[in-house]
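Worksheet: the structure to be examined is printed underneath.
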Amino acid sequence: MNSNLLYIPFKQSRPIDLGHELKEVIAKNYFQPPSAFESDLTFLTNLRNKVTGVSDIVEKTNNRDNEAILLEYYQVINPIQSKFPDDCIEFAWYDTLAYGPRGPFPYRSFKIEKLNVVFQLGSLYSQLAVLELRHTDLGLKKACQYYQLSSGCFEFIANHLNAELEADKNPVILQIPKSFQIETIQCLKFLMLAQAQETIWQKAINNATMKDSVISRLSFQTSEFYAQALVYGNSSDLIKLEWINHMKVKKFHFLAAAHFRSSTVAADAAQYGEQVAHLRAAAVAVDQALKSKKYVNSLVLEDLQGLTDVIKTRLRTAEKDNDLVYLKIVPQQNELKPIVGVSMVKPLQPEQLTSKTSEHQVFEELLPYIIINVAQAMRERQDDYIITRFHQPVQSLNNMFTKFLNERGLPASIDSIQQPENIPDSIIQHSQEILKNGGLQFIEKSFKEIQNLNFECNHLLQECKTRINLDRNEDQMLRDRQGTARWSRASTDEAASELITKTEKMKQYLEQAKNGDGLVHNKYTDIKLILEVYSGGFESLSKYIPNSQYIALPESLSTLINELRDCLSRATTIETERRDFIHNLEIKSRDNNILPKLVEEYNSHRADVYNDQGDFKPNCFEPVYERHLKLFDSDLKYVTETKDSQVNLEHKIDAINNKFIREFNNVKNASQEKRQTKLQILEDGYEKFLQIVVNLKEGSKFYSDFIEKGTNVLRQCEEYLYKRRIESRDLELAINNSFQTVPEDPKELHLPVPVTSENDHDLISPRTSKPGLWNPNSDIKFG
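Per our numbering, the sequence shown starts with residue 34, numbered consecutively.
Below is the structure:
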């Protein structure tokens with residue numbers, strides 16, 4: 034296609050068996066047979082392969098077929114997105130904007146796949162525009178329409194990317210290929226808009242009755258559009274030098290054309306000095322254009338040379354006439370009345386891009402993946418429910434009972450009497466439990482892991498601060514360079530106030546974590562020697578626990594000891610019952626899947642699942658979840674009952690133990706006191722060991738949660754920095770170039786420009802050329 038205007042080449046992509054890929058996803062993640070959707074799967078494979086088969090147009094054939102294929106595929110992705118997870122399929126495209134195809138660039142996102150289809154549409158419309166015959170009014174009108182559609186496609190992409198940046202979620206924008214960077218897309222948008230405006234200009238000059246003042250303003254706005262495209266192009270890594278030079282030539286060409294027409298207007302008004310000034314400005318502009326003629330299309334250079342010759346000839350004549358006849362003062366260019374451009378074009382978008390309906394419906398009977406996601410989320414909530422309402426209360430009851438017994442010296446006090454030489458069974462069980470948990474090695478390893486996690490958390494915090502400080506330094510540098518008056522955007526402390534608050538909370542959490550680590554480590558130091566005794570097994574315990582002398586016990590004291598032993602046996606039975614209860618509860622929780630209930634609710638009340646906009650209602654399944662949890666009402670009753678049993682048992686033990694202490698004080702000897710003391714130390718050490726194990730697990734969970742949430746904050750800081758840099762660039766462009774905003778409707782300018790009907794989009798017609806220890810129930814929230 035030999036033309037003085039540019040078209041955008043199609044991206045390239047390898048064919049993939051999309052139907053087969055989705056079939057595997059259905060088989061793996063859904064509870065429906067893939068064979069039920071065979072026709073849809075085959076249709077998608079064929080359609081996607083047709084999309085990859087679209088190639089650059091060399092003649093006006095089957096163009097509408099290509100447009101229909103791309104639009105149909107774009108619309109078909111909508112129901113796929115509602116039924117499947119966004120990252121279930123890997124796609125790959127080659128970028129073709131630079132010098133030859135680059136890639137492939139793989140990604141797993143239907144969102145990006147849709148953007149690639151819109152990019153292809155923008156490319157298609159640009160090629161259709163170039164193919165139109167611009168020597169006829171109809172050809173110019175169609176070309177202009179296509180260029181506006183092309184510009185609208187790239188505006189659609191830019192708006193989507195900006196919306197992803199603005200939204201506080203996990204955007205894929207930072208991971209997509211360079212062809213979707215804002216600079217590149219904005220360059221293509223304004224390039225297509227400039228070429229649409231150029232077709233308007235061409236039709237205007239073909240109209241013998243069109244006023245020079247109108248043509249001047251059309252020319253100036255064409256130059257402005259090319260200038261905007263050029264600014265973004267210079268910031269893009271993919272806009273090649275040939276296009277950069279093309280846009281430079283066009284920018285100055287139409288600037289020269291604007292001044293040339295204004296010189297004619299000045300001459301008609303007998304303003305001969307202004308006529309010369311405009312012609313001089315036009316001559317400067319064409320000279321600037323000729324400096325960038327390398328690698329530029331010969332047709333563009335021919336147009337430029339023709340304009341240059343006319344301007345130079347007209348300038349010599351005008352200067353001579355003014356010097357010899359009119360003797361008017363020639364103003365400087367900056368003293369001339371500014372030319373105000375008039376835009377006759379705007380980005381247009383095919384209505385199919387905003388429509389959520391598709392002519393070809395696929396997977397109508399497939400369960401939406403959002404239902405599976407909801408089921409998984411509710412499963413996680415159910416697991417949390419089991420932990421918070423059962424595991425933790427039962428564990429707390431056990432810990433409270435252990436503490437209760439230790440405070441009363443049980444069972445050490447009766448073991449020292451009944452077993453004056455043997456190691457009590459409870460002590461042996463404690464030793465076995467400690468060794469089973471890993472003993473000293475487990476605690477030392479856990480402390481080391483927590484130290485590493487703490488280091489990673491502090492590194493995350495520092496990275497967040499670094500991003501904010503980078504913006505603060507860059508903002509101050511630009512503020513100093515541009516001046517406070519012109520640099521009107523918010524400072525870093527204002528713009529990043531939410532992120533700064535989050536980082537401060539992160540710092541506070543880590544300071545509290547450091548204190549918690551210290552307390553746990555001190556507790557471990559206090560019992561380290563006792564743990565070494567436990568870890569040494571029977572021999573170590575025998576050396577540590579002294580024997581006591583046997584004494585004859587009064588019958589009343591023996592009776593009290595037997596009663597205490599029965600109570601302790603009952604306590605052991607309760608602990609065993611609780612262990613069995615938790616085991617059975619986990620089986621019950623696993624066997625009662627909520628997904629079938631969600632599917633039944635979805636099939637029965639499908640209309641209630643979506644709002645008026647067709648979006649999924651997040652809380653529509655809450656009643657199902659609440660009914661599902663009623664399965665555990667009887668289990669909640671058991672927790673209350675076992676708590677009451679423990680309270681009653683504690684009261685009974687307390688009463689018996691008080692009587693035992695009074696009578697035992699009358700018969701005990703020094704050897705028994707010494708043995709009881711050692712046994713009590715071991716019991717206390719075991720209790721603290723259990724506490725340390727819990728504290729270490731809580732600490733590890735705290736840091737893991739911190740890393741997860743801190744990573745999200747770091748991502749937000751990166752997005753913030755990225756967005757601020759784009760904002761800085763745009764603000765600098767606005768300051769440096771001082772682009773003028775003009776109304777799109779020429780009637781507001783009170784100019785004699787023809788206005789089209791509602792069906793025409795152009796005015797002339799289309800054309801081209803936790804403090805202390807950890808609290809597992811608390812959530813880390815940075816803001």
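Even glycine gets a Cβ: it sits at the ideal position worked out from N, Cα and C.
Classification of residue i by the beta-carbon crowding that lies within 10 angstroms, buried from 16 upward
i       : result
Asp-778 : Because the pLDDT of Asp-778 is 40, which lies under 50, any placement of that residue in the model is unreliable, and the number read from its coordinates should be weighed accordingly. Counting Cβ neighbours within 10 Å, Asp-778 comes out exposed, since fewer than 16 surround it.
Asn-99  : buried
Ser-331 : exposed
Pro-66  : exposed
Leu-274 : exposed
Glu-335 : exposed
Met-377 : buried
Ala-767 : exposed
Ala-303 : exposed
Met-225 : buried
Val-680 : exposed
Thr-673 : exposed
Gly-516 : exposed
His-661 : buried
Ser-790 : In this prediction, Ser-790 has a pLDDT of 33, which is less than 50 and means its spatial position is unreliable; what the coordinates show is noted afterwards. Exposed.
Leu-251 : buried
CA nearest to the CA of residue i, picked from the options
i       : options                               : result
Ile-122 : Gly-52, Tyr-635 and Glu-100           : Gly-52
Pro-656 : Val-375, Ser-678 and Ile-627          : Ile-627
Asn-355 : Arg-708, Val-373 and Gly-306          : Gly-306
Cys-497 : Glu-674, Glu-507 and Thr-744          : Thr-744
Ile-33  : Glu-231, His-463 and Leu-503          : As displayed, the chain neither begins before 34 nor continues past 816, which places residue 33 out of reach and without an answer.
Tyr-132 : Trp-276, Leu-74, Tyr-140 and Arg-47   : Trp-276
Gly-86  : Val-58, Gln-45, Leu-104 and Tyr-106   : Gln-45
Ala-688 : Cys-600, Gly-155, Lys-730 and Ile-560 : Cys-600
Arg-308 : Ser-246, Lys-283 and Ile-450          : Here residue 308 turns out to be Gln, not Arg, going by the sequence shown. Of the listed residues, the one whose Cα sits closest to Gln-308 is Ser-246.
Val-553 : Gln-484, Asn-195 and Ala-410          : Gln-484
Asn-37  : Ile-620, Ala-162, Asn-149 and Asn-79  : Ala-162
Lys-379 : Gln-230, Ile-362 and Arg-250          : Gln-230
Where the beta strand (DSSP E) through residue i begins and ends
i       : result
Pro-137 : 135-140
Phe-124 : 124-128
Minimum Cβ-Cβ distance from residue i to chain B less than 9 Å
i       : result
Ser-733 : Absent from the structure is chain B; it holds one protein chain and no more.
Between the CA atoms of residue j and residue i - distance to the nearest angstrom
i       : j       : result
Leu-669 : Arg-412 : 18 Å
Tyr-567 : His-684 : 31 Å
Phe-64  : Val-109 : 23 Å
Ile-759 : Gln-261 : 15 Å
Tyr-158 : Ser-183 : 5 Å
Ile-41  : Ala-227 : 14 Å
Leu-430 : Asn-580 : 33 Å
Cys-750 : Phe-614 : 47 Å
Leu-503 : Phe-735 : 29 Å
Leu-323 : Lys-345 : 14 Å
Pro-457 : Phe-571 : 11 Å
Thr-525 : Arg-512 : 11 Å
Phe-76  : Phe-423 : 51 Å
Glu-507 : Gly-732 : 38 Å
Phe-213 : Glu-634 : 41 Å
Gln-382 : Val-375 : 21 Å
Trp-126 : Lys-469 : 54 Å
Ile-190 : Lys-116 : 23 Å
Lys-756 : Glu-720 : 54 Å
Any non-hydrogen atom of the ligand ZN within 8 Å of residue i CB
i       : result
Ala-131 : Ligands are entirely absent from the displayed structure, and the ligand ZN is therefore not among its contents.
The alpha helix (DSSP H) enclosing residue i, as first and last residue numbers
i       : result
Arg-603 : 588-624
Trp-234 : 215-239
Ala-410 : 402-419
Arg-81  : 71-85
Val-657 : 655-662
Lys-692 : 666-697
Gly-831 : Residue 831 cannot be examined here, being either before or after the span of the chain that is shown, 34 to 816.
Gln-254 : 245-268
Ala-60  : 51-62
With three or more beta-carbon pairs closer than 8 Å as the criterion, would you say the region 250-269 touches the region 287-298? yes
Can we say the region 538-550 touches the region 728-747, given the rule of at least three CB pairs closer than 8 Å? yes
Between the region 709-720 and the region 546-554, do three or more beta carbon pairs fall short of 8 Å? no
Inspect the CB distances between the region 234-241 and the region 166-175 and report whether three or more fall short of 8 Å. yes
Just checking, does the region 385-403 make contact with the region 314-323 on the three C-beta pairs under 8 Å criterion? no
Please confirm if the region 686-700 is in contact with the region 592-610, defined as three or more CB-CB distances below 8 Å between the two stretches. yes
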